[in-house]
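So in the numbering used here, spot 300 of the sequence shown is number 1012, and the numbers just go up one at a time. A quick write-up on the structure given underneath.
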Amino acid sequence: MSEPKKKIALSGVVAGQTAVSTVGKEGVGLTYRGYSIEDLAEHATFEEVAWLVLYGELPNQKQLDSFRKKLTGLRGLPPVLCEILERVPADAHPMDVLRTGCSALGTIEQENESRDAEAIAHRLIAAFPSMLLYWHHFHRSGKRIETQTDAQGVGAHFLQLLHDRPPSSLQARAMDVSLILYAEHEFNASTFTCRVVAGTRADFYSAVTGGIGALRGPLHGGANEASMELIEQFSTADEAEAGLMKMLDEKRTVMGFGHPVYRECDPRSPIIKSWSRKLSNDHPESRIFAISERIEQVMLREKKLFPNLDFFSASAYRFLGIPTAMFTPIFVFARISGWSAHIMEQRANNRLIRPTAEYIGAEPRAFLPMEKRS
Ligand code: COA
């Protein structure tokens, strides 16, 4: 019997080599540089993981301290970038703000001999949350915020800038774990885009800007926002069950379920689910967790489909007070580490990526003069 036709192009095709991560290999769900995602989410911080993904080994204490210090010092934004962010419309999607911010920074702090790929990777890891929240506060309240905080880590920096107060240790750690889970994922659509752009020998910012564009769609990073839009349609778990049954009857896609590579489970999902559960305790909107859990049960029972990382990230972010339109940008704050590692890996052994198409168009024919065209 032939394999069912996948809806994903190039599924299962090996398009290159990587030493950065493995996804869905038998026995081990997800590894970054050989370490399991379970161990990293349990024992490491996002900065340790970003270092690991970039350089291939876990940092020692001295390396970690100096990396943290460096990232903390890179949170401020150049005045020209602030001016550009002020001109980006208030109703722009936050992903478009990051895409524009990244591209603009590439004109202000250009890649050259003294500012190399490594320096730009560090800069973008440190500055993406600052860019988004500078734009956010300027358009919401006219405030030109100071983006240089001394918060411990990228996740806490983001939450502090968003809420104008330091997060609790539970909130900071939940955010940190979420960034670890989103940091890297082999040849997904956005990472592959980064590698295709890097393969042309374009600059680092062009590769990342392309990656942000690919990540924006609801079939990739945008699924966490789409999941929240689904969940918040319902006020109770029973209502969610009835709504889901209707959606499945109508053969609609339920965002946050299924995966292009994992066949039985997304190993990141139970981890973010446990953090979502912890954050839901005593939260006024804890019903969001009960609704999410019921949707998970219905999808498993009716379709044998499991939630991917995006599904329970949605409720976790809601409990952290993060606006839905910022969910996919958080993916960028984390995935910039993976993208950077892949761009460097691509450059280290570069070949232009240029596949071939199967032609299904018109047969060769004579040029048609204007007077004969309909
Ligand atoms: N909702 C409803 N049905 C779904 C589904 C979903 N989220 N995901 C898969 N299915 C259905 C498929 O349509 C297919 O049904 P069919 O056999 O009747 O055609 C069946 O389940 C098996 O599909 P599968 O081969 O596992 O999925 P895929 O590899 O073709 O697609 C995705 C994978 C990710 C594109 C798909 O699951 C999807 O669109 N998910 C929602 C978007 C999302 O969460 N994206 C983030 C991914 S990390």
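Even glycine gets a Cβ: it sits at the ideal position worked out from N, Cα and C. Fair warning: this is a prediction, and the values are worked out from it, not measured in the lab.
Check: Terminal residues of the continuous beta strand (DSSP E) containing residue 1016?; Outcome: From DSSP, residue 1016 is part of no beta strand (DSSP E); its letter is neither H nor E.
Check: Could you give the DSSP three-state label for residue 1040: helix, strand or coil?; Outcome: helix
Check: With a threshold of 8 angstroms on Cβ separation, who are the neighbours of residue 734 within its own chain once the five nearest residues in sequence on each side are excluded?; Outcome: 740, 742, 743, 898
Check: Would you mind sorting residue 1003 into buried or exposed? The rule is 16 or more other CB atoms within 10 Å of its CB.; Outcome: buried
Check: Let me know the secondary structure DSSP gives residue 719 once reduced to three states.; Outcome: coil
Check: Apply the 10 Å Cβ neighbour rule to residue 714 and answer buried if 16 or more other Cβ atoms are within range, or exposed otherwise.; Outcome: At residue 714, the pLDDT of 42 sits below 50, so the modelled position is not reliable and the matter cannot be decided from this model.
Check: Check whether the Cβ atoms of residue 886 and residue 868 sit closer than 7 angstroms, and answer yes or no.; Outcome: no
Check: Residue 734 lies in the beta strand (DSSP E); which residues open and close that run?; Outcome: 733 to 737
Check: Tell me the residue span of the alpha helix (DSSP H) that contains residue 867.; Outcome: 866 to 875
Check: I need the straight-line Cα distance from residue 912 to residue 999, nearest angstrom please.; Outcome: 49 angstroms
Check: Verify the contact flag: residue 1016, CB atom, against every heavy atom of ligand 2, threshold strictly below 6 angstroms.; Outcome: As presented, the structure is devoid of ligand 2, carrying ligand 1 as its sole ligands.
Check: Please determine whether the Cβ atom of residue 1020 lies at a distance below 6 angstroms from any heavy atom of ligand 1.; Outcome: yes
Check: Taking the Cβ atom as the reference point for each residue, do residue 1048 and residue 837 lie within a distance shorter than 7 angstroms?; Outcome: yes
Check: From residue 716 to residue 745, what distance separates their C-alpha atoms?; Outcome: Annotation note: pLDDT 49 at residue 716 (below 50); position unreliable, coordinate value reported separately. Answer to the nearest angstrom: the Cα atoms are 32 angstroms apart.
Check: So does residue 774 have its beta carbon nearer than 6 angstroms to some heavy atom of ligand 1?; Outcome: no
Check: Let's see if you can read the secondary structure: which residues bound the alpha helix (DSSP H) around residue 1029?; Outcome: 1021 to 1031
Check: State the Cα-Cα distance for the pair residue 1010 and residue 724, rounded to the nearest angstrom.; Outcome: 28 angstroms
Check: Of the residues 1028, 817, 736, which one's Cα is nearest the Cα of residue 840?; Outcome: 817
Check: Please name the residue, chosen from 950, 1056, 736, 771, that lies closest to residue 903 on a Cα-to-Cα basis.; Outcome: 1056
Check: In whole angstroms, what is the alpha-carbon distance linking residue 927 and residue 934?; Outcome: 7 angstroms
Check: Give a single yes or no on whether residue 1042 has its beta carbon closer than 6 angstroms to a heavy atom of ligand 1.; Outcome: no
Check: Terminal residues of the continuous alpha helix (DSSP H) containing residue 939?; Outcome: 935 to 943
Check: Quick check on residue 969: does DSSP put it in helix, strand or coil?; Outcome: strand
Check: Take the Cβ of residue 994 as the centre, count every other Cβ of all protein chains shown within 10 Å, and call the residue buried at 16 or more, exposed below.; Outcome: exposed
Check: Can you tell me which residues form a DSSP beta bridge with residue 743?; Outcome: 734, 748
Check: So is residue 985 buried or exposed if we call it buried at 16+ other beta carbons inside 10 Å?; Outcome: buried
Check: Does the structure place the region 961 to 974 close enough to the region 1011 to 1029 that three or more beta carbon pairs sit under 8 angstroms?; Outcome: yes
Check: Would you kindly report the start and end of the unbroken alpha helix (DSSP H) that includes residue 794?; Outcome: 791 to 799
Check: Can you check whether the CB of residue 810 is closer than 7 angstroms to the CB of residue 924?; Outcome: yes
Check: Quick one: Cα of residue 872 to Cα of residue 737, how far?; Outcome: 37 angstroms
Check: Spatial neighbours of residue 806 within its chain, please: CB distance less than 6 angstroms, with the 5 preceding and 5 following residues excluded, ordered by chain position.; Outcome: 844, 1037, 1038, 1041
Check: CA-CA distance, residue 910 and residue 870?; Outcome: 28 angstroms
Check: Less than 6 angstroms between the CB of residue 735 and some heavy atom of ligand 1, yes or no?; Outcome: no
Check: Considering only residues of the same chain and omitting the five flanking positions on each side of residue 1016, which have a CB-CB separation below 8 angstroms?; Outcome: none
Check: What is the DSSP secondary structure of residue 1066, reduced to helix, strand or coil?; Outcome: coil
Check: Alpha helix (DSSP H) containing residue 777: first to last residue?; Outcome: 773 to 785
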